[in-house]
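Sequence positions in the sequence shown follow our numbering and run 801 to 1174.
Heads up, the thing below is written out as structure tokens.
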Amino acid sequence: MKYFIVTYGCQMNVHESEKIAGILEQLGYKECKKREEADIIVFNTCAIREGAEERVLGNVGNLKRLKKQNKDLIIVVCGCMTQKEETAKNLMKKFPFIDIVIGTFNLPKLASYIEKVKEGRQLEILQEGELDEILPYKRSDKDNAWVNIMQGCNNFCTYCIVPYVRGREKSRKEENILNEIKEIIKEGKYKKITLLGQNVNSYGKDLEKPVSFAKLLSDICALDGDFKLSFMTSHPKDLTSEVIDVIAKEDKIEKYIHLPAQSGNNRILALMNRRYTRERYLEIIDEIRKKIPNCRITSDFIVGFPSETEQEFEDTMSLIEKVQFDSIFAFMYSKREGTVASKMEEQISDKEKHLRVNKLLKLEKQIQKETGKR
Ligand code: 5AD
Ligand code: SF4
């Protein structure tokens, strides 16, 4: 019995696919290289932008042919897109050959859905779930081990679907994280360990006995072993001086921070509910550069947020010019049903969004050429 997993979206999803692989291997499946050879195909989906959803729909649609050739083929769709109940139901209706559609909180029950598939098609979307501590992983990267430290997000940036599909912030117990990392070190295969969370800087605030992210980093660095530690993603409003100090001090921590700014204009930042200003963002960058002179800094930007004027977009350009990031990711704003921004008037045209994103990427190329950064 063979499995094939198709993963869309961020590193969290990549890591979640490692869990899916672990569950399938426990059931006796082995990984295969082509979907044509598989007995079970899993689509682990992403909902962050419309484009990601369209790709999923196209690729799931193409499976009809395989299902015709092999009636016993099991097709599973899971991940952020399926956590939206409406979308999940539509998927079932539109693609009658899908066997299992489950939401993000259902993953721990994947094995039982597969066992039940002979009884009929499975559709279940839990609204909340416990963090799973006992799932097996099949790590997919030979140098890097991903370690999830928390799930969900409490920030409700007005454009973002994540808090709706991943729920509120839930931190794993520090002890469990440290034990997982000790195991990774013991295995001796991985040079790098990367901590994952939507907003790693607010790690531990929700625990019965709160632990700060800075303490978690120090405690991991105190473990014996030869590894480099990094983490993503940081939110500027929660990145504390303590965390910057720990990165500066600890040799084991990679000198790299991904710090999404999203916009360089204060009115847009407020509309996005980011809870920092351009000035505060620049202050943090200054602090990082002073304390960690060789630190690589990267960022995310959204262009064409509802009502963003040309002048306000220019503020984003000037922020990028000022900071001289090592690299940036630029996204055209994508309307996500159910978010606050989707109801805002003055949505920007696709044409304008394209113009702005291209301008931004051109600036980024020019900076990289001038500074020799990659
Ligand atoms: N439209 C465009 N980009 C988005 N991002 C999140 N939501 C949206 C959206 N609705 C971007 C942000 C975030 C990155 C992971 O994706 O820049 O940092
Ligand atoms: Fe989305 Fe904002 Fe949470 Fe990041 S911090 S996941 S952009 S809501």
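Where is the CB? At the ideal position from N, CA and C, for every residue including glycine.
Here the structure is a predicted model, which means the values were calculated and not measured.
- Excluding residues up to 5 positions away in sequence, 805, 842, 844, 878, 907 and 910 lie with their Cβ nearer than 8 Å to the Cβ of residue 820 in the same chain.
- Short note on residue 1133: C-beta closer than 6 Å to some heavy atom of ligand 1.
- Taking 7 Å as the cut-off, the beta carbon of residue 903 is found no closer than this to the beta carbon of residue 935.
- Looking at the DSSP output, residue 956 shares a beta bridge with no other residue.
- Residue range 811-826 is occupied by the alpha helix (DSSP H) that includes residue 817.
- Residue nearest to residue 1030 within the set 1024, 1043, 1149 and 1036 is 1043 (criterion: CA-CA distance).
- Here DSSP, grouped into helix, strand and coil, assigns residue 897 to coil.
- Beta bridge pairing from DSSP links residue 854 with no other residue.
- With respect to residue 1167, residue 1124 sits close: the two C-beta atoms are nearer than 7 Å.
- Judged by DSSP secondary structure, residue 995 falls within the beta strand (DSSP E) whose first and last residues are 992-996.
- As DSSP reads the structure, residue 1098 sits in a beta bridge with 1058 and 1127.
- Under the 8 Å Cβ criterion, the region 1045-1054 does not count as touching the region 1074-1081, having fewer than three qualifying pairs.
- Annotated three-state conformation of residue 1053 is strand, per DSSP.
- Counting the other Cβ atoms within 10 Å of the Cβ of residue 899 gives 16 or more, which makes it buried.
- One residue after another in chain order, those with a Cβ under 6 Å from a heavy atom of ligand 2 are 953, 955, 956, 957, 960, 962, 963, 998, 999 and 1035.
- The Cβ-Cβ distance between residue 1100 and residue 1060 falls below 7 Å.
- Look at residue 1060: its beta carbon is less than 6 Å from one of the heavy atoms in ligand 1.
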